[in-house]
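Peer 1: These protein sequences, in sequence, are chains H and X. For what it's worth, our numbering labels the leading residue of the first sequence as 146, then goes sequentially. For what it's worth, our numbering labels the leading residue of the second sequence as -17, then goes sequentially. Here it is: the structure, laid out below.
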Amino acid sequence: MRYFLTTEDGRELEVVVEDRPDGRHRVVLGDREFVADFRDVDGLGQYALLLGRASFAVSVAADEPQAPRVHVAGESFVFRALDERERLAGEVAGRGPARGEEIQAAMPGAVVAVHAAVGDVLEANAPVVVLEAMKMQNEVRCEHGGVVAEVAVAAGDTVESGQLLVRLDPPPEDA
Amino acid sequence: MSQPPFGKVLIANRGEIALRVLRTCRDLGIRTVAVFSPADRGSLHVRYADEAWPLPGDAPSDSYLRQDLLLEAARESGAEAVHPGYGFLAENPDFARAVRDAGLVFVGPPPEAMEVMGDKLRSRRAMLEAGVPVVPGTTEPVATAEEALATAEEIGWPVLLKASAGGGGKGIRLVAGPDEMEGAFRTASGEAESAFGDGRMYLERFLVRPRHVEVQVMADRHGEVVHLGERECSLQRRHQKVVEECPSPVVDAETRARMGEAAVAAARAVGYESAGTVEFLWSEGEFYFLEMNTRIQVEHPITEEVWGVDLVEWMFRVAAGESVAPLVELLPRGHAIEVRLNAEDPDQGFLPSLGRITDLRLPGGPGVRVDSALYRGLEVTPYYDSMLAKLVVHGRDREQARRRMMRVLQELHVGGVETTAGMALRLLRCDAFRSGDYDTGTLERLLAEGLDCPREDGADLELAAAVAAALWRHVRGTPRRSDEEGAAGPDPWVLVHRCRELGRWPR
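Okay, here's the thing in C-alpha cells:
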C-alpha cells in the first residue's frame, strides 16, 4: 500500500508499506528503504518501532484516522495521512462538488468577530470567525469552503468547545 | 526512632503539592487528613491520605478557599496542625490567624510576617531599614503623574511604574523617558484602580537584562535563620516560571554569601518563621530585593536535591518548635534543574489543554524525581491550574543535569492532552540555556522566534514519525463505509434493538 502524508508545514511525503511474511514490513520513504517492525505494546497507542536496528518509542493518537499525531522522543508531529483510495477520492472531490462542512469551536472562548454571513461563498481555508480564549485571538478557518448556510454565533457570544460556529453548504456547481 | 513532630496534620490543598506534603508526613509517621472538591474525588492526594474530607464545590471559592470548612475538618478530624501548601490560602494572614485562634498550629510563617511581606511598600520600607539592597525607587506611593515625573528624575531613567496593590502583571508600565510618563501613568493607574481598587503607583529603576534569583531560607521561632542558597528562575513566560535551576549559573560563592546574608536579614526583619523565599533581581553583578514569598514554593525540590534536605519536613519541625541549627551543617552538591510540565498547547498560544490523560509513561533512573499527582485516567479540568507535574533532575554538574533533563523529556509521554514538554526540550537545547546566559526576557524572545534549536543527536525524528504514521494507518486497516460495524462489532444499542426484533441473540 501507498500512503500520502502531508506535514504541518505542507510538505508531502509518500510512504510505501508492504507486508512481509515474518509480520514485519518493507517501508520505502523517498530514497530510504527499511525493514520496519511496528509493535503495539499497550493497546493504548504506544508502539515500539524498529527501522532496521534504529529503535524509537512512538505514541500515536488520533481524533480521526486521517490525522494521526505522532509523539517520538519528546517531539510531536501531526500528519494528514491518506491511503491511495482516500487520496483519489479527495482528488475527485476536489474537482467535483465538495461536501458541506460544520465549523466548530476548538476551545471555549469568546467570539470577537464573524467574517461570514448567510449566502456568502467562501474559498477553502477562508477565515470565518475570530475567537478569543485566554486573551489570545485565533482565526478559525473553513476547510473546503462553500456557501454559508447558517451563522450560529455573533460577536460577543461565549462558546463552549465543540459548539457550532458556522455551517456551510457545498459550493455551487461550476458552470 | 525519633518522635514525629505532630500526630495528625490537615493538608489544606490539592494536586501535586498536597501529595508532596502528604508524602513527607508519611515518611515522618504523621497521620494525614486530605480535603477534596467533587472533581478531585479520585485524586492521588485523596487516595493516599489516611482520612479525606469532602468540600462542597469545584470552584476554589467553594472548596480549597473555604476557611470555615477547612477549620471544621481540622477540628473534627483531630488534626493538630494545618499545612497550606502553596497557592489558595498559603499566604492569607487571616487564615493563618484563624488556624492559630482555633488552637491549631499553622505550618508556615506568622500572619504578621505575611502582612508586611504581602504589602510591596511596607516590605520595601522594612528592607531598607534592615539594610537589604532594594531597587532604587519610591518608598511612598505616588498618586499623580507630576509626582511620578519628579521622582523618576531622581531615580534615573528608564523606570517601571507598578501598582502599589499590584500582582499578576497588572498595572505595570515601562517608561523610557519623561515624554511617556503622563500617558503611562494614566493607563497603569486606571488598570490598577479597576483591578485592585487602588490606583496609587510606585516607581523603580528599570534594570538591564535582570535575572530572577531567589534565596531559600528556613527560620525557627527562636530567632535562628538559615539560608540554603539560591534558585535561578529567570526563564519565564508571562511572569510564570517555566524552567528553574539550582545553583544560578551567574552567582559565585562570594555573591551567594552576600545574597544569603541579605535574605537572612530580610527574614529576621519581619520575625519570620518556617520556609520562605526571598526574591532578588540580579543585574550586572548586583542584586536587589524584589519580594518575599511567605510559603513553600513550587520550585523548592531543586534546592532539596542540591542541599540534600526535605524542606517540608523542616517546616513541620520548626512548627513544632525545633531549632534550625542542624541545617547550618549542610553543603550544596551538584546541580538541579526543574521543568514545569503544564497541560497547555504551545502551538495555540499556550491555551490550557483540557481532557483525560489516556496514556502515561513517566521517566525514571538516576538523579530523576517526578513530583506529580498525575495518573492515567486523570481528568484535567478548568477549575485549577494547569500544572501536571514537576520534572526534577540532579547531576554532578550543570551539563550532566541538562543532559539528564533532556533524557527525562524524551522518555516522558503524556497522552490525551497537549503539554509543554516539547517546548521545554527545545529550550534546553538552545544556546541561551546551554551557556546559562539568559534573563527574564529571554524565553519570550526565543518563543517569538519559534524556539528553533537544532537537535544534538542528529536523529531524524520526522522520518521515524512519518513511517510510524503510515504503519499505523496500515496496521489499523482502512475503515470502509459499507462496513461501519468494523472490527469492534456492532454498537451494543443496535444489538439490543436486533435482539428485541428477533426475539433472540442475533447470529
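C-beta atoms are modelled at their ideal positions from N, C-alpha and C, and glycine is treated no differently. Quick caveat: nothing in here was measured; it's all calculated off a predicted structure.
1. Across which residues does DSSP place X/Thr259 in a beta bridge pair?
2. Flag H/Val304 as yes if its beta-carbon sits less than 8 angstroms from any beta-carbon of chain X, otherwise no.
3. Assuming H/Ala322 and H/Leu195 are in contact, meaning their beta carbons sit under 8 angstroms apart, how far apart are those beta carbons, in whole angstroms?
4. Could you tell me the alpha carbon to alpha carbon distance between H/Pro242 and H/Ala258, rounded to whole angstroms?
5. Taking 8 angstroms as the CB-CB cut-off, is X/Thr340 touching chain H?
6. Is the number of C-beta pairs between the region 125 to 132 of chain X and the region 293 to 305 of chain X that are closer than 8 angstroms three or more?
7. Measure how close the beta-carbons of X/Arg322 and X/Ile339 come, nearest whole angstrom, since I'm counting them as under 8 angstroms.
8. Please go through the same chain and pick out, in chain order, the residues whose beta-carbon is closer than 7 angstroms to the beta-carbon of H/Gln308, but skip the five residues on each side of it.
9. On a CA-only basis, which of X/Leu53, X/Val114, X/Leu71 is nearest X/Leu86? Give me that one, please.
10. Taking Cβ positions only, does H/His260 come closer than 8 angstroms to chain X?
11. Show which residues of chain X have a CB atom less than 7 angstroms away from the CB atom of H/Glu220.
12. Using C-beta distances below 7 angstroms, list every residue in its chain close to X/Leu71, excluding the 5 sequence neighbours before and after it, in chain order.
13. Which whole runs of the beta strand (DSSP E) in the region 326 to 407 of chain X are 3 residues long or more, in chain order?
14. Since X/Thr120 is in the beta strand (DSSP E), which residue starts that stretch and which ends it?
15. Can the beta-carbon of H/Val186 be found closer than 8 angstroms to that of H/Phe179?
16. At least one CB of chain X closer than 8 angstroms to the CB of H/Gln308: is that the case?
17. Cutting at 8 angstroms between CB atoms, please list the residues of its own chain near X/Asp292, excluding the five before and the five after it.
18. Name the residues in the region 211 to 222 of chain X whose C-beta lies less than 9 angstroms from a C-beta of chain H; which are they?
19. Within the continuous beta strand (DSSP E) that includes X/Lys144, where are the two ends?
20. Taking 8 angstroms as the CB-CB limit, is H/Val203 close to chain X?
21. Could you check which residue in X/Ala84, X/Glu164, X/Ala355 has the C-alpha nearest to that of X/Ala31?
22. Check whether the region 106 to 116 of chain X touches the region 135 to 155 of chain X, counting contact only when three or more Cβ pairs, one atom from each stretch, lie closer than 8 angstroms.
23. Kindly indicate the opening and closing residues of the alpha helix (DSSP H) around X/Gln222.
24. Which runs of the beta strand (DSSP E) spanning at least 3 residues fall entirely within the region 215 to 261 of chain H, listed in chain order?
25. CA-CA distance, X/Gly155 and X/Gly172?
26. Taking Cβ-Cβ distances shorter than 9 angstroms, what residues in chain H pair up with X/Leu407?
27. When you compare the CB of H/Ala294 with every CB in chain X, is at least one pair closer than 8 angstroms?
28. What residue does the alpha helix (DSSP H) around X/Gln49 start on, and which one ends it?
29. Checking contacts by CB at 8 angstroms: is H/Ala226 closer than that to chain X?
30. Which chain X residues sit within Cβ distance under 8 angstroms of H/His170?
31. Using the rule of at least 16 other Cβ atoms within 10 Å of the residue's Cβ for burial, across every protein chain shown, is X/Ser216 buried or exposed?
32. Straight-line CA distance for X/Ala414 to X/Glu227?
33. Are the region 326 to 343 of chain X and the region 382 to 400 of chain X touching by the rule of at least three beta carbon pairs closer than 8 angstroms?
34. Should X/Val352 be flagged as near chain H, meaning a C-beta pair shorter than 8 angstroms?
35. Check the C-beta distance from X/Gly211 over to X/Pro314 and give it rounded, since I have them as a contact under 8 angstroms.
36. Would you say X/Ala279 reaches chain H, if we count a Cβ-Cβ gap shorter than 8 angstroms as a contact?
Peer 2: Short version:
1. According to DSSP, X/Thr259 bridges with X/Gln198, X/Asn275.
2. No, no contact with chain X.
3. Coverage of chain H is limited to positions 146 through 320, which leaves residue 322 of chain H absent and any answer about it impossible.
4. Confidence at H/Pro242 is low in this model, with a pLDDT of 45, below 50, so the placement of that residue is unreliable and no value is reported for it.
5. X/Thr340 has a beta carbon lying within less than 8 angstroms of a beta carbon in chain H.
6. As far as the Cβ criterion goes, the region 125 to 132 of chain X does not touch the region 293 to 305 of chain X, which means the pair count is below three.
7. Their Cβ separation, rounded to whole angstroms, is 17 angstroms, which puts X/Arg322 and X/Ile339 out of contact at 8 angstroms.
8. So the qualifying residues of the chain are Gln249, Ala250.
9. It is X/Leu53.
10. With a threshold of 8 angstroms between beta carbons, H/His260 makes no contact with chain X.
11. Within 7 angstroms Cβ-Cβ: Gly404, Leu443.
12. Contacts found: Ala(-6), Leu47, Gln49, Phe77.
13. Residue ranges of uninterrupted beta strand (DSSP E) with 3 or more members, entirely inside the region 326 to 407 of chain X and ordered along the chain, are 341 to 343, 350 to 354, 369 to 377, 395 to 397.
14. No beta strand (DSSP E) holds X/Thr120; DSSP gives it neither H nor E.
15. No, these two residues do not count as a Cβ contact at 8 angstroms.
16. The Cβ of H/Gln308 sits no closer than 8 angstroms to any Cβ of chain X.
17. These residues qualify, in order along the chain: Thr6, Asp9, Glu286.
18. Taking a C-beta cut-off of 9 angstroms against chain H, none of the residues of the region 211 to 222 of chain X qualify.
19. It spans 141 to 145 - the beta strand (DSSP E) in which X/Lys144 sits, taken as one unbroken run.
20. It does: the Cβ of H/Val203 has a partner Cβ on chain X nearer than 8 angstroms.
21. Answer by Cα proximity: X/Ala355.
22. Flag = no, the region 106 to 116 of chain X and the region 135 to 155 of chain X do not touch.
23. X/Gln222 -> not in any alpha helix (DSSP H); beta strand (DSSP E) instead, spanning 222 to 228.
24. For the region 215 to 261 of chain H, the continuous beta strand (DSSP E) assignments of 3+ residues that do not extend past its boundaries occur at 220 to 223, 225 to 228, 246 to 249, 254 to 259, in sequence order.
25. At residue 155 of chain X the sequence reads Arg, which differs from the Gly that was named. Spanning the two alpha carbons is a distance of roughly 12 angstroms.
26. Going along chain H in sequence order, the residues near X/Leu407 (Cβ under 9 angstroms) are Ala218, Gly219, Glu220.
27. Judged by the 8 angstroms Cβ criterion, H/Ala294 is not in contact with chain X.
28. Element bounds for X/Gln49: 49 to 59.
29. Yes, because at least one Cβ of chain X sits closer than 8 angstroms to the Cβ of H/Ala226.
30. Within 8 angstroms Cβ-Cβ: Leu453, His456.
31. Per the 10 Å Cβ criterion, buried.
32. If I take the Cα positions, the gap works out to 14 angstroms.
33. They touch, by the three-pair rule.
34. Chain H contact via Cβ: absent.
35. Confirmed, Cβ separation roughly 5 angstroms.
36. Correcting the residue identity first, residue 279 of chain X is Gln in this sequence and not Ala. Chain H has no Cβ within less than 8 angstroms of the Cβ of X/Gln279.
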